[in-house]
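Participant: For the record, the sequence lines run as chains A, B and C. Heads up, the first sequence stops at 354 in my numbering, and the numbers go up one at a time, no gaps. Heads up, the second sequence stops at 695 in my numbering, and the numbers go up one at a time, no gaps. Heads up, the third sequence stops at 1005 in my numbering, and the numbers go up one at a time, no gaps.
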Amino acid sequence: MTKILEVKDLELSFHTFAGEVKAIRGVNFDLHKGETLAIVGESGSGKSVTTKSIMRLLPESSAEYKNGEILFEGKDLTKIPEKNMQKIRGKDISMIFQDPMTSLNPTMTIGRQIMEPILKHQKLNKSEARKKTIELLNLVGIPNAENRYKMYPHQFSGGQRQRIVIAIALACNPKILIADEPTTALDVTIQAQILELMKDIQKKTDTSIIFITHDLGVVANVADRVAVMYGGRIVEIGTVDEIFYNPQHPYTWGLLSSMPSMDLEDQKLYAIPGTPPDLLNPPKGDAFALRSEYAMRIDMERRAPFFKVSETHYAATWLLHPQAPQVEPPALVIERMKTFKGSRYYVDQTGGTV
Amino acid sequence: MRNENEQEKLTPEDFERVTIDAHHSERIEKPSLSFWQDAWLGLRKNKAAIVSMVVLLLVILMALIGPHLNGHAGDTQNLRHANLPPKIPGIEATGFFDGDGKLAGKKVDLYEMKKVDEYYWFGTDGLGRDLFTRLWEGTRVSLFIAFVAAAIDMVIGVAYGGISGYFGGRTDDIMQRIVEILIGIPTLIVVILMIMIMDPGITAIIVAITITGWIGMSRIVRAQTLKYKSQEFVLASRTLGAKDGKIITKHLLPNMLGIIIINTMFTIPNAIFFEAFLSFIGIGLQPPAASLGTLINDGYKVMENQPYVLLFPAIVISVLMIAFNLIGDGLRDALDPKMKD
Amino acid sequence: MVKYIGKRIVYMFITLILIATASFFLMQTLPGSPIASYNKLNDTQKAIVEKKYGIDKPKPVQYAIYMKNLAKGDLGTSFVFKGKSVNDLLAKRLKPSLILGAQAMVFGTIVGILLGMLAALKHNTFWDYGSTFLAILGISIPSFVFASLLQYWIASEWHLLPVGLWNDGWKSSVLPSLALAMGPLALSARFIRTEMIEVLNSDYIVLAKAKGANGFEIAFKHAFRNALIPLITVLGPLAAGLVTGSLVVEQIFAIPGIGEQFVSSIMTNDHATIMGTTLMFSAFLIVVIFIVDILYGVIDPRIRVSGGKG
Ligand SMILES: Nc1ncnc2c1ncn2[C@@H]1O[C@H](COP(=O)(O)OP(=O)(O)OP(=O)(O)O)[C@@H](O)[C@H]1O
Ligand SMILES: [Mg+2]
């Protein structure tokens, strides 16, 4: 697997009237070619900021890269001049936003909006670009593209608009596609269609996708790997199976327990107590400790390093320290862990029903 | 992924469980602020608004005490002292406010020439009246008109909009048809027509300004009432049997307070402007009464030779208008950065 | 849409009839007689004059005649300028007012838009503060104060331009236009700034940036148009401000325009002319507001559906 993107020790702050908002406080992850990495975590944990920082889309007046690097094809994206960045945006890395209702320019035809990156990044003339645009519209499933090409965004439904946004993002066959909650604003059936579309396209183009979502169901459906974010850091990262069936960080436990599950209908939905940390004054140790029933004294003092669980699975919690006491995860999580080979609760169920 | 397996010494105590009551972290949350605290916190960061508030307070203070400061009365005419330029003791040596004026194109000390020993800080007008005293008397009148007009606008507007929005249905229909017609009539026309048929004076100006002035407020209040009326906390207290009066005073008004105040902050400079405008074109206050408008009108007439007569009231009215606008802007940003209008 | 326009036109007429009626009856209650040098006339002369202007008849009859003439577009006869029809009087004065108004509007909005753009693009820098300050000055300083100062410094002190009157070609129009332009300039600068800042923060601008657009393309290809369209909504207040300003500015610069006519008719109690001017101003403003609403209604769906405006 080739790494296409490496984010190392990224720290980023916003300077606001209230003070310095430490939105990203040390984020590390890699993205491999052709894979889908999902980022999950509660609202305000820094998912959008992380991805926007990769594309340098944050307001220059307030956002400051404090530390770390973002390596893409050997270049550190935090350092290269804006001009070069403009050549990468929309061509090598492109983005889909959450709300299709607001992410298209209301006074520009959708044709022109799709054509813009094509004309900008590819050496095509107007009519070739037009042809490409219509191809893209067909690809994302907008019927009757020749005619609809001249229409304005308000003449399309929400789902169609998101397809158009996807068409824009795909216009130049990007190497990385960042999708920030692309289906949250859509209703369930449309959500499923958009997800199918993205999976299809990924198969055809071998694009790497960073997929942000709140919906763990969606994660299970689309992702190869999952990064769990909390308070401006990634607290656990691993393959989908590892995160879902062998989670290690108490926050991941909380997250999984609060996920509605089909087979355990009688279970009361769990809500993680407390509120997200104040990023103006982030806590010294583990940001989640204040809300965690598994907190230890050291959690209050120092933040945990990443402990290796497997080659692909890392978690930043002191519970994995050799000296730490064994604790029992919530019952729901134990249920899950029982099915995962390599977890300490694994119960061999071979011989049972298939 | 890097594995930071630093092997420093961690003691067993480090791994002792600590029990945190789940609500502990909620205590770190910002305390919820009252409307006024919120407004003040937002406003405090706005330097322009703060400076404006200080300046405004100073002008109001001067409007109250200014006329008594220098011993000259505003309506005493003294033709021997007519048309004297400003002269202030202490800073006359700087070349400003030194009593020098133009006479037939030449610069002379008019005080010396006319053998005047007294100081007229802002000079005198053609009738020998002290302009400093008149300026602050005029400011007082202008502010009075503006505050009263704004208060009346507010009361009528809130009542009209509130009733229309709260009771809805036919009441609302009829009241809104009336507003639709009224809003089509240009304010200026109404103001001028009204003022023409009344005896000139403060009352006439206030009536003229308020006769259509309340409409803006009433529309805002109506929209707000409609918005809050159907919200859960209002519905809930209605189900619990709260009376209309209680719902209005307990739930609706407190929520609308901000927007009402902001809107009033903008009607005040508007009223100041209209008073001055009417007086300037000669249908507002009549001499010898002073207001900023009449003073500017007087000053305009002698602008060529005695520009200071125009200068001071022009500065005061501009400062007042700027201050009110900036405070209004500041309040609006503080209370609701998204709210425009 | 057609129904809406029809309804609006009906409202416009009702409003105008109301204004005509109100101004007619208000005129009747005015102190002082409308006829110049009335007091110097003897009784027979008075009777003749009153008969001539039709003010010997009972009020309701006068009203009916007035409204009937109005329907034909006849604003009546001036009481002060002997035998002149108000229509002629105003027609002659329309041109200077229109020229000043148009110049002020064009100059004011263009400069205002540029200033507003500058402020938004250089948000929170010296340029922003500078043009915001200028806009606050423009909104706050009354037009007659500004006009007086212009006249004093530029005309009286430095003799760069005429002090007043309408007899020196374009030069005569510069200072009054400038004085009038302050309002539109300040209002549009403020408006465009706010609009532009909001647009620049909107999702579709971030998307445009994500496509690789550069700063210039973002500002002019994507943001400008969207910030400009809502400016239509302030055209009504702008026009009202211009009319108000014209009353004082024309007076200060002694411009023979409608505004100056209005003020002097008030001074001379020229009822017919006051009513005529009132109606004209009202009609102008009402039509402007009407056009603005229709225009916005036509463009609005594009803006509203996209969630730009609430
Ligand atoms: N432009 C900005 N200025 C100041 N603070 C910001 C800015 N953008 C984001 N933040 C702060 O950074 C933190 C992370 O925000 P981010 O948008 O990344 O959250 P998120 O994980 O994407 O949440 P959500 O799931 O709600 O989209 C939040 O506390 C937010 O308030
Ligand atoms: Mg987000």
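Backbone N, C-alpha and C fix where the C-beta goes; we use that ideal spot for every residue, glycine too.
Starting from residue 36/A, follow the beta strand (DSSP E) in both directions and report where the run begins and ends.
Facilitator: 36 to 40 is the span of the beta strand (DSSP E), which, as asked, contains residue 36/A.
Participant: Can you give me the Cβ contacts of residue 402/B inside the same chain, cut-off strictly under 6 Å, excluding the 5 residues immediately before and after it?
Facilitator: Contacts found: 680.
Participant: Using a Cβ-Cβ cut-off of less than 7 Å, give me the residues of the stretch 918 to 940 of chain C that come near chain B, in sequence order.
Facilitator: 935, 938 and 939
Participant: Looking at the C-beta of residue 897/C, does it have a partner C-beta in chain A at a distance below 9 Å?
Facilitator: Chain A has a Cβ within less than 9 Å of the Cβ of residue 897/C.
Participant: For residue 85/A and chain B, any beta-carbon pair shorter than 9 Å?
Facilitator: no
Participant: Output yes if chain A places a C-beta closer than 9 Å to the C-beta of residue 902/C; else output no.
Facilitator: yes
Participant: Who are the neighbours of residue 657/B on chain C, taking C-beta pairs under 7 Å?
Facilitator: Simply 843 and 847.
Participant: Using CA coordinates, which residue listed in 140/A, 275/A, 88/A and 315/A is at the minimum distance from residue 120/A?
Facilitator: 88/A
Participant: Classify residue 313/A as buried or exposed, calling it buried when 16 or more other Cβ atoms lie within 10 Å of its own Cβ.
Facilitator: buried
Participant: Rounded to whole angstroms, what is the Cα-Cα separation between residue 395/B and residue 17/A?
Facilitator: 12 Å
Participant: For residue 26/A, which of 316/A, 328/A and 321/A has the nearest alpha-carbon?
Facilitator: 316/A
Participant: Within the 9 Å Cβ cut-off, does residue 707/C reach chain B?
Facilitator: yes
Participant: Using 8 Å as the cut-off, can you tell me whether the stretch 614 to 631 of chain B makes contact with the stretch 565 to 579 of chain B, which would need three or more C-beta pairs spanning the two stretches below that distance?
Facilitator: Yes, since at least three Cβ pairs between the stretch 614 to 631 of chain B and the stretch 565 to 579 of chain B fall closer than 8 Å, the two stretches touch.
Participant: By the three-class DSSP mapping on this structure, what secondary structure does residue 401/B have?
Facilitator: helix
Participant: Taking the straight line between their C-alpha atoms, what separation do you get for residue 724/C and residue 968/C?
Facilitator: 16 Å
Participant: With a cut-off of 8 Å, do at least 3 Cβ pairs link the stretch 808 to 823 of chain C to the stretch 647 to 665 of chain B?
Facilitator: no
Participant: Would residue 908/C count as contacting chain A if we go by Cβ distances under 9 Å?
Facilitator: yes
Participant: Nearest chain C C-beta to residue 521/B closer than 9 Å, yes or no?
Facilitator: no
Participant: Spell out whether any CB of chain B is found under 9 Å from the CB atom of residue 301/A.
Facilitator: Taking a beta-carbon distance threshold of 9 Å, residue 301/A counts as an interface residue toward chain B.
Participant: Which same chain residues end up closer than 8 Å to residue 343/A when comparing Cβ atoms and leaving out the 5 residues on each side of it in sequence?
Facilitator: 245, 246 and 337
Participant: At 4 residues or longer, what runs of the alpha helix (DSSP H) sit wholly inside the stretch 625 to 681 of chain B?
Facilitator: 646 to 655
Participant: Just mark residue 644/B as buried or exposed, buried being the case when its beta carbon has 16 or more other beta carbons within 10 Å.
Facilitator: buried
Participant: By Cβ distance, which residues of its chain are closer than 7 Å to residue 407/B, with the 5 residues on each side in sequence left out?
Facilitator: For residue 407/B, same chain residues with a beta-carbon under 7 Å away, outside a window of 5 residues either side, are 681 in chain order.
Participant: Please determine whether the Cβ atom of residue 968/C lies at a distance below 8 Å from any heavy atom of ligand 1.
Facilitator: no
Participant: Please work out which residues of its chain come closer than 6 Å, Cβ to Cβ, to residue 497/B, disregarding the five sequence neighbours upstream and downstream, and give them in chain order.
Facilitator: 417
Participant: Classify residue 737/C: buried if its beta carbon has 16 or more other beta carbons within 10 angstroms, exposed otherwise.
Facilitator: exposed
Participant: Taking C-beta to C-beta, are residue 393/B and residue 689/B nearer than 9 Å?
Facilitator: Between residue 393/B and residue 689/B, the CB-CB gap stays under 9 Å.
Participant: With 16 as the cutoff for other CB atoms within 10 Å, does residue 277/A come out buried or exposed?
Facilitator: buried
Participant: Starting from residue 227/A, trace the beta strand (DSSP E) both ways and give me its first and last residue.
Facilitator: 225 to 230 is the span of the beta strand (DSSP E), which, as asked, contains residue 227/A.
Participant: For residue 208/A, which residues does DSSP report across the bridge?
Facilitator: 176/A
Participant: Straight-line CA distance for residue 10/A to residue 229/A?
Facilitator: Roughly 13 Å separates the two Cα atoms.
Participant: DSSP three-state call for residue 23/A: helix, strand or coil?
Facilitator: DSSP places residue 23/A in strand when its eight states are reduced to three.
Participant: Using a C-beta cutoff of 9 Å, does residue 837/C count as contacting chain B?
Facilitator: yes
Participant: When you measure from the CB of residue 392/B to every non-hydrogen atom of ligand 1, does any distance come out below 8 Å?
Facilitator: no
Participant: I want to check one thing, is the minimum distance from the CB of residue 180/A to the heavy atoms of ligand 1 below 8 Å?
Facilitator: yes
Participant: Quick check: the Cα distance between residue 326/A and residue 320/A, rounded to an integer number of angstroms?
Facilitator: 9 Å
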